[in-house]
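Undergrad: Dropping the structure in here first, questions after.
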Amino acid sequence: MRTRPMLLAALAALTCNRGGAEFDTGLPELPQGVEAVSLNGDTLRPSPLSDDVQRDRELRLEEARRTFEADPTDADALIWLGRRTAYLPLYREAVTIYTEGIRQHPDDARMFRHRGHRYITLRLLDLAVTDLERGASLIEGQTDEVEPDGLPNVRNTPTSTLHSNIWYHLGLAYYLSGDLDNALRAYRECLEVSNNPDMLVATTYWLYMTLRRLGRDDDARAALEPISDDMDIIENQAYHQLLQLFGGGRTPESLLDTSAEADVPLANATVGYGIGNWHFINGREEEAVAMWQRVLEGDAWAAFGYIAAEAELAKR
């Protein structure tokens, strides 16, 4: 659905006419239809959705647009307009929407949380760090809140909060940038607010890899201690399985089989990057690079595992 040029032009005009870096989207000029440039220099375009998914997401976006237009000052309406836009997936448009949200609601941490997330998707990691650090400062001393799911899981049970999402994505932005000390700081903070099994395995996954990269192997092993085989995982099965691999309870072959059976590109990117990292931290760089290259053969370029594989190969 690309029937919103007037709305987007109005949002862009508002954000560009205000001073201050946070009111600038920071988006580079790109050829039409290109969403981002990969860390390896390749242009990235939206991956096609199935007809049913496309139709459903367009309908939900249209509903969000009507709600927003009924009251353009409503923070929740603006956030949902941005989220529904990103699900299509039109990430650059979502950034423009969140930038208007920051103009209207400069003290609302949610705006920086969501724009920071999409900056990661677009490989604008410095901008992501700036936004998410700002979000972290805004939530200091504030009560945490459950973040509703835009794409609900099988139990329709949200598994993350505003605070955990800010720290989680901030840690990821630093990790992808190669700033492991700050990634560790962010993941330590995230662990404090990872209050359910799904969030615990997701945070521990990135924390473990950060610690191993820093050479803190004893701390990494200690991070695995709360992880058990019988955890009640709703949606982060791939992270749970990778932690089992890191702990010696699984083989990489079993994870690849599971991922193939699921036939979910996101799971393949997540598992593929994790297995590559398992090879790498155990001294098998050639196998690691081969696995990361396999990840980039897929089209799930918005997945964190895909971006991480990109970052690894870009270093080489």
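Under the working numbering, the residues of the sequence shown are numbered 616 to 931, in order. The C-beta atom is built at its ideal place from N, Cα and C for all residues, glycine as well.
(1) Nearest to L795 by alpha carbon, out of R827, G765, T819 and N771?
(2) Please report the straight-line C-alpha distance between P620 and H894, rounded to a whole angstrom.
(3) Touching or not, the stretch 728 to 745 and the stretch 783 to 793, by the rule of three or more beta carbon pairs under 8 Å?
(4) Helix, strand or coil: which one does DSSP assign to A625?
(5) Report the CB separation of W916 from S653 in whole angstroms; it is logged as a contact under 8 Å.
(6) Are the stretch 638 to 649 and the stretch 698 to 713 touching, with three or more C-beta to C-beta distances below 8 Å?
(7) What is the residue span of the alpha helix (DSSP H) that L739 lies within?
(8) Hey, could you find the ends of the alpha helix (DSSP H) W916 is sitting in?
(9) Going along the chain, which residues of its own chain have a beta-carbon closer than 7 Å to the beta-carbon of T818, five neighbours each way excluded?
(10) So, with DSSP's three-state summary, where would you put V904?
(11) Pick from Y789, R699 and M814: whose alpha carbon is nearest that of L740?
(12) My guess is that V816 and N780 are in contact by the Cβ rule of under 8 Å, so how many angstroms apart are they, rounded?
(13) Taking Cβ to Cβ, would you say L791 is nearer than 8 Å to A923?
(14) Measure the beta-carbon distance from L664 to R672 and round it to whole angstroms, keeping in mind my assumption that it falls under 8 Å.
(15) Per DSSP, A838 is paired with what?
(16) To the nearest angstrom, report how far apart E678 and G889 are at their CA atoms.
(17) Can you tell me the Cβ-Cβ gap for E762 and T776, rounded? I've got them flagged as a contact below 8 Å.
(18) Within this structure, are the beta carbons of I735 and E637 separated by less than 8 Å?
TA: According to the structure data:
(1) R827
(2) For P620, the pLDDT reaches just 48, beneath the cut-off of 50, and the residue's location in the model is therefore unreliable, although a value from the coordinates is still provided. When rounded, the distance between both Cα atoms is 47 Å.
(3) yes
(4) With a pLDDT of only 47 at A625, under 50, the local geometry of the prediction cannot be trusted, and no value is derived from it.
(5) 7 Å
(6) yes
(7) Element bounds for L739: n/a, residue is neither H nor E.
(8) Segment: none, W916 is in no alpha helix (DSSP H) and carries neither H nor E.
(9) Y783, Y802, C805, L806 and S809
(10) helix
(11) Y789
(12) With 8 Å as the limit, V816 and N780 do not qualify as a contact, their Cβ atoms being about 15 Å apart.
(13) yes
(14) 7 Å
(15) None; A838 has no bridge partner.
(16) 37 Å
(17) 6 Å
(18) no
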